[in-house]
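Asks: Residue numbers (UniProt numbering), protein chains in the order written: chain P, 1 to 207; chain S, 1 to 207; chain A, 1 to 207; chain D, 1 to 207.
There are 4 protein chains.
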Amino acid sequence: MPPIVSEEYKRQKKKEILNSALACFAKKGFQAATIDDIVAHSSISKGAIYNYFKSKEEIYLELMNEQTNETNELLTEKINSFQTATERLLYLFDLYISIDPFDPDRKETIVVHYEFRLHSSRDENLRLLLQERGNRFFIDFVTKIVEQGVKTGEFKKDINPIMVANLFWTIIDGATVQAVLYKEYPYQNILECMKGMVMDTLLETKS
Amino acid sequence: MPPIVSEEYKRQKKKEILNSALACFAKKGFQAATIDDIVAHSSISKGAIYNYFKSKEEIYLELMNEQTNETNELLTEKINSFQTATERLLYLFDLYISIDPFDPDRKETIVVHYEFRLHSSRDENLRLLLQERGNRFFIDFVTKIVEQGVKTGEFKKDINPIMVANLFWTIIDGATVQAVLYKEYPYQNILECMKGMVMDTLLETKS
Amino acid sequence: MPPIVSEEYKRQKKKEILNSALACFAKKGFQAATIDDIVAHSSISKGAIYNYFKSKEEIYLELMNEQTNETNELLTEKINSFQTATERLLYLFDLYISIDPFDPDRKETIVVHYEFRLHSSRDENLRLLLQERGNRFFIDFVTKIVEQGVKTGEFKKDINPIMVANLFWTIIDGATVQAVLYKEYPYQNILECMKGMVMDTLLETKS
Amino acid sequence: MPPIVSEEYKRQKKKEILNSALACFAKKGFQAATIDDIVAHSSISKGAIYNYFKSKEEIYLELMNEQTNETNELLTEKINSFQTATERLLYLFDLYISIDPFDPDRKETIVVHYEFRLHSSRDENLRLLLQERGNRFFIDFVTKIVEQGVKTGEFKKDINPIMVANLFWTIIDGATVQAVLYKEYPYQNILECMKGMVMDTLLETKS
DNA sequence: TATGAATGAGTGTTCATTCAT
DNA sequence: CATGAATGAACACTCATTCAT
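#1: Quick one: which chain A residues come within Cβ less than 8 Å of residue 122 of chain D?
#2: Under the assumption that residue 135 of chain S contacts residue 182 of chain P (Cβ atoms under 8 Å), give the Cβ distance between them as a whole number of angstroms.
#3: Using the beta-carbon of each residue, which ones in chain P are nearer than 8 Å to residue 65 of chain S?
#4: Spatial neighbours of residue 206 of chain P within its chain, please: C-beta separation below 8 Å, excluding the five flanking residues on both sides.
#5: Does any residue of chain P have a CB that is nearer than 7 Å to the CB of residue 188 of chain S?
#6: Please state whether the Cβ-Cβ distance between residue 170 of chain D and residue 174 of chain A is less than 7 Å.
#7: With DSSP as the reference, label residue 53 of chain D as helix, strand or coil.
#8: Along the segment 160-178 of chain A, what residues have a CB closer than 7 Å to any CB found in chain D?
#9: Among D/190, D/148, D/65, D/147, which residue has its Cα nearest to the Cα of residue 176 of chain D?
#10: When the Cα of residue 155 of chain A is compared with those of A/33, A/86, A/70, A/73, which residue comes out closest?
#11: Between the alpha carbons of residue 7 of chain D and residue 102 of chain D, how many angstroms are there, rounded?
#12: Closer than 7 Å, CB to CB, is residue 96 of chain A near chain D or not?
#13: Whole angstroms is fine: what's the gap from residue 132 of chain A's alpha carbon to residue 133 of chain D's?
#14: Name the one or two DSSP bridge partners that residue 203 of chain A has.
#15: Check whether the segment 35-43 of chain P touches the segment 8-24 of chain P, taking contact to mean three or more Cβ pairs, one atom from each stretch, closer than 8 Å.
#16: Would residue 195 of chain P and residue 93 of chain P be called neighbours here (beta carbons separated by less than 7 Å)?
#17: Can you tell me whether DSSP reads residue 42 of chain A as helix, strand or coil?
#18: In terms of residues, what are the limits of the alpha helix (DSSP H) holding residue 114 of chain D?
#19: If you draw a straight line from the C-alpha of residue 106 of chain D to the C-alpha of residue 119 of chain A, how long is it?
#20: Is it buried or exposed for residue 127 of chain D, if we count other Cβ within 10 angstroms and need 16 for buried?
#21: Does any residue of chain D bring its CB to less than 7 Å from the CB of residue 19 of chain A?
#22: For a contact defined as C-beta to C-beta under 8 Å, what are the partners of residue 193 of chain D on chain A?
#23: According to the Cβ coordinates, are residue 110 of chain S and residue 188 of chain S closer than 7 Å?
#24: So, using beta-carbon positions, are residue 99 of chain D and residue 88 of chain D closer together than 7 Å?
#25: For residue 12 of chain A, does the count of other Cβ atoms within 10 angstroms reach 16, so buried, or fall short, so exposed?
#26: Whose C-alpha, out of D/73, D/153, D/123, D/70, is nearest the C-alpha of residue 203 of chain D?
#27: Please confirm whether residue 138 of chain P and residue 64 of chain P have their CB atoms less than 7 Å apart.
#28: Which of helix, strand or coil does DSSP assign to residue 15 of chain P?
#29: Is residue 196 of chain S helix, strand or coil by DSSP?
#30: Please determine, among A/140, A/45, A/184, the residue with the shortest C-alpha to C-alpha distance to residue 225 of chain D.
#31: Taking only the alpha-carbon atoms, compute the straight-line gap between residue 28 of chain P and residue 121 of chain S and give it to the nearest angstrom.
#32: Does residue 187 of chain P come out as helix, strand or coil in the three-state DSSP assignment?
#33: Round the Cβ separation of residue 53 of chain D and residue 44 of chain D to the nearest angstrom and send it over; I've been treating them as touching at under 8 Å.
#34: Taking DSSP as the reference, what is the three-state secondary structure of residue 69 of chain A?
#35: Are the beta-carbon atoms belonging to residue 197 of chain S and residue 197 of chain P less than 7 Å from one another?
#36: Please decide whether residue 206 of chain A counts as near chain D, where near means a Cβ-Cβ distance under 7 Å.
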């Protein structure tokens with residue numbers, strides 16, 4: 001029996017389910033959100049949801065995977081429109097500075113995201129998967145930019161690109177977590193300040 | 001007839017329950033860990049647990065509260081043995097540098113801790129409580145040290161103490177989260193590096 | 001696609017649950033009867049029961065509500081086939097005389113019914129609900145008949161209809177309770193006797 | 001080892017427990033009231049309570065037994081100060097008329113009492129016990145008075161004493177139950193009215 | 001006897017998952 | 001494929017009863 005509905009239809013349906021699931025997980029957390037919540041939010045029947053995903057866990061996983069992909073794409077998409085390592089790094093900083101982590105919806109999404117990452121620390125398979133497609137990717141991504149900067153002479157010779165990459169993500173994660181937990185956190189200011197410090201460290205200072 | 005068991009006995013029992021609960025929450029997360037898990041781990045009967053705590057939630061809260069208190073004490077305890085702001089700030093950095101976030105038990109505890117903080121973002125009352133006893137305390141703590149440094153002339157005059165405090169905790173949180181999620185994260189190195197950058201920024205540079 | 005099962009099916013299922021619940025409550029009392037008892041008696045799964053009722057309490061309430069409705073209907077149904085107040089009042093007496101409170105099933109139902117009414121005395125909301133749909137209805141019902149009898153001259157002019165109505169239900173409740181608790185209670189005789197006394201009091205005696 | 005405390009002490013302690021138990025059962029009902037409620041109300045320890053009663057059920061039974069005894073005594077106590085059957089019957093009516101079933105404490109006690117009687121209908125042994133010491137006693141008590149009245153010629157010759165006795169308790173139970181469940185119930189009026197009707201029926205009417 | 005901490009079977013309720021229609 | 005009723009294994013929590021002190 002050949003497929004009755006188009007692949008496009010299925011992809012669309014899956015997307016709808018994932019969107020509703022994200023909204024529900026964001027509002028209540030993965031464990032507390034129920035399949036019925038997703039049914040109510042999406043107006044897709046319980047049976048239908050189980051036609052597309054084999055468990056609640058799978059929805060969660062696919063959702064997080066999707067989010068990672070989107071972030072990956074977001075990062076890579078525009079980076080090539082910048083030529084120098086300096087521009088590229090500044091672009092990355094500004095990208096995160098431009099995010100408003102205090103926006104309620106954004107905030108909830110961030111919380112789910114970090115909950116997921118913490119959750120993954122309890123499941124070795126999951127952790128390795130995330131490491132591969134998450135942490136490693138992000139570290140590599142910045143590492144390459146810094147390596148480029150060192151090679152082109154934009155950045156100091158004795159810079160350790162990997163260390164800078166880790167520094168970058170430490171700052172981003174730290175600032176994001178703080179912002180989500182602490183209303184008065186000066187997110188933009190801190191990132192600007194960090195940006196300054198990091199760039200100062202990287203750039204050859206003229207004497 | 002005086003109490004059947006001493007206050008000390010009760011405190012001990014409570015502590016046992018909290019320890020087991022922490023182990024269980026660490027292993028599975030708050031939601032997934034069951035009271036029966038705690039029973040199995042502690043060899044204390046279910047009824048007994050409910051004699052000491054009125055709900056699973058209360059165990060969680062008390063556990064986190066205890067952890068916050070301990071951290072508060074840890075920070076304040078030795079700080080007065082240092083006189084200058086510089087020494088004090090270095091002590092704080094070194095305190096966190098000396099922690100091994102890769103130690104399995106420590107790691108699990110850290111995960112529970114961050115999960116709790118994320119969880120609190122969905123409960124306004126809890127969030128306010130944590131803000132008061134957590135975030136605010138930590139920010140104030142570092143702010144005061146920096147203010148002292150500015151006043152004594154150790155640090156530059158144009159330093160914004162609140163911003164530095166936020167910077168400090170951004171770095172600590174960022175590094176801790178990374179370490180917990182990413183095995184190859186160079187925790188110590190990053191903190192040393194950050195320590196250098198922050199101190200450089202604060203200290204009057206000799207010309 | 002229309003509903004998976006018909007409304008009729010659902011109504012039937014609800015009825016089954018209520019029937020089993022009544023049997024269980026009758027046998028053990030509301031508090032002592034467990035949801036598992038109802039599951040065992042009805043062969044309907046626990047989950048299914050909770051699809052139709054949101055709590056054990058709700059089953060109880062709906063059961064009692066249903067019983068009240070049925071009694072209300074029973075009373076009102078045939079009353080209009082009688083014209084005079086005398087006939088109507090006699091019909092009411094005879095209706096209750098014709099009930100056999102010693103029949104085991106009937107007896108159990110009566111016990112649950114009175115337990116529910118007593119139970120309601122501890123819950124103000126429930127008490128008011130019952131007052132409205134129960135006591136008040138029954139009192140009014142008889143009051144109107146007696147008022148009619150007074151107006152048409154069937155009954156003495158100085159009769160207080162409300163008092164007679166209360167008298168009527170006092171007798172019915174008293175006899176029902178006695179019958180349920182005391183095997184040798186001469187239910188029919190007592191009601192016949194009461195009927196005589198009440199009618200004598202109401203009717204104009206010829207001199 | 002001879003008893004360390006006097007019998008009197010024990011009796012007193014038991015009484016205290018029973019009093020607290022009655023208060024608790026009255027407020028919440030037998031099933032809902034917990035041993036801890038009784039502990040809190042009586043300030044007697046849980047262990048001590050179990051020294052005097054072997055179960056919650058036993059407390060209930062003894063309480064109800066005690067109540068029955070007290071009622072029995074109340075009825076028999078003053079009855080002999082009246083000579084004629086008429087006076088005695090009037091005394092009984094007036095005794096119940098003088099009770100205020102709307103008084104909150106009294107009301108709660110009445111509710112427990114009827115709950116107990118209904119509860120007993122599910123336990124054959126209990127039912128028989130109550131029948132013997134309760135229903136039968138009360139019926140006999142009134143029957144004898146009426147028999148006396150018939151013998152002395154105070155009452156009509158064709159009166160059936162047993163029927164009158166049942167009539168009497170039907171009225172008392174009916175009025176009490178109504179009063180407890182229905183705030184606007186004209187308890188005193190109804191009993192006065194019933195008293196009149198019953199006495200009219202019993203007494204030789206002068207032509 | 002008095003105490004109250006400990007016990008654990010039992011309770012109402014939830015919810016991920018299945019499957020007949 | 002879609003539906004949502006059915007399932008039942010869990011789960012948090014209660015409470016009568018026991019027993020070491």
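Glycine is no exception: its CB is placed at the ideal position from the N, C-alpha and C atoms.
Replies: The structure says:
#1: Using a Cβ-Cβ cut-off of 8 Å, residue 122 of chain D is close to 27, 28, 29, 111 of chain A, given in chain order.
#2: Cβ-Cβ separation between residue 135 of chain S and residue 182 of chain P: approximately 5 Å, consistent with a contact (criterion under 8 Å).
#3: The contacting residues do not exist; residue 65 of chain S stays about 16 Å from chain P at best.
#4: A caution first: residue 206 of chain P carries a pLDDT of 49, below 50, which makes its placement in the model unreliable, though a value can still be read off. Counting only Cβ-Cβ distances below 8 Å, and skipping sequence neighbours, we find nothing.
#5: Taking Cβ atoms only, chain P never reaches closer than 7 Å to residue 188 of chain S, which makes this a no.
#6: Yes, these two residues count as a Cβ contact at 7 Å.
#7: Reduced to three states, the DSSP call for residue 53 of chain D is coil.
#8: Hits within the stretch, in order: 163, 166, 167, 169, 170, 171, 173, 174, 175, 177, 178.
#9: Its Cα nearest to that of residue 176 of chain D, the residue D/190 stands out among D/190, D/148, D/65, D/147.
#10: Looking only at A/33, A/86, A/70, A/73, the smallest Cα-Cα distance to residue 155 of chain A is reached by A/86.
#11: Their backbone Cα atoms lie some 37 Å apart in a straight line.
#12: Contacts with chain D at 7 Å (Cβ-Cβ) do not include residue 96 of chain A.
#13: Just so you know, the alpha carbons of residue 132 of chain A and residue 133 of chain D end up roughly 37 Å apart.
#14: Here residue 203 of chain A is bridged, per DSSP, to A/155.
#15: The segment 35-43 of chain P vs the segment 8-24 of chain P: in contact.
#16: Going by C-beta atoms, residue 195 of chain P is nearer than 7 Å to residue 93 of chain P.
#17: Helix at residue 42 of chain A.
#18: From DSSP, the alpha helix (DSSP H) with residue 114 of chain D extends over 104-120.
#19: Near 16 Å, if we compare the C-alpha coordinates of residue 119 of chain A and residue 106 of chain D.
#20: By the 10 Å Cβ count, residue 127 of chain D comes out buried.
#21: Contact of residue 19 of chain A with chain D is not assigned, every C-beta pair being separated by 7 Å or more.
#22: Those within 8 Å of residue 193 of chain D in chain A are 163, 167.
#23: Annotated as distal: residue 110 of chain S and residue 188 of chain S, with beta-carbon spacing of 7 Å or more.
#24: Cβ distance not < 7 Å, so residue 99 of chain D and residue 88 of chain D don't count as in contact.
#25: Exposed: under 16 other Cβ atoms inside 10 Å.
#26: Among D/73, D/153, D/123, D/70, the Cα nearest to that of residue 203 of chain D is on D/153.
#27: The answer is no: Cβ separation not under 7 Å.
#28: It is helical.
#29: Looking at residue 196 of chain S - three-state DSSP - the assignment turns out to be helix.
#30: Outside the shown range of chain D (1 to 207) lies residue 225 of chain D, about which nothing can therefore be said.
#31: The C-alpha of residue 28 of chain P lies about 10 Å from the C-alpha of residue 121 of chain S.
#32: Note: residue 187 of chain P maps to helix in three-state DSSP.
#33: Between residue 44 of chain D and residue 53 of chain D the Cβ distance is about 11 Å, and since that is not below 8 Å, they are no contact.
#34: Reduced to three states, the DSSP call for residue 69 of chain A is helix.
#35: Yes; because the gap between Cβ atoms is below 7 Å, this pair is in contact.
#36: Bear in mind that a pLDDT of 49 at residue 206 of chain A, under 50, signals an unreliable position, so the number given afterwards is only what the model happens to contain. For residue 206 of chain A, the answer is no, since every Cβ of chain D falls outside 7 Å of its Cβ.
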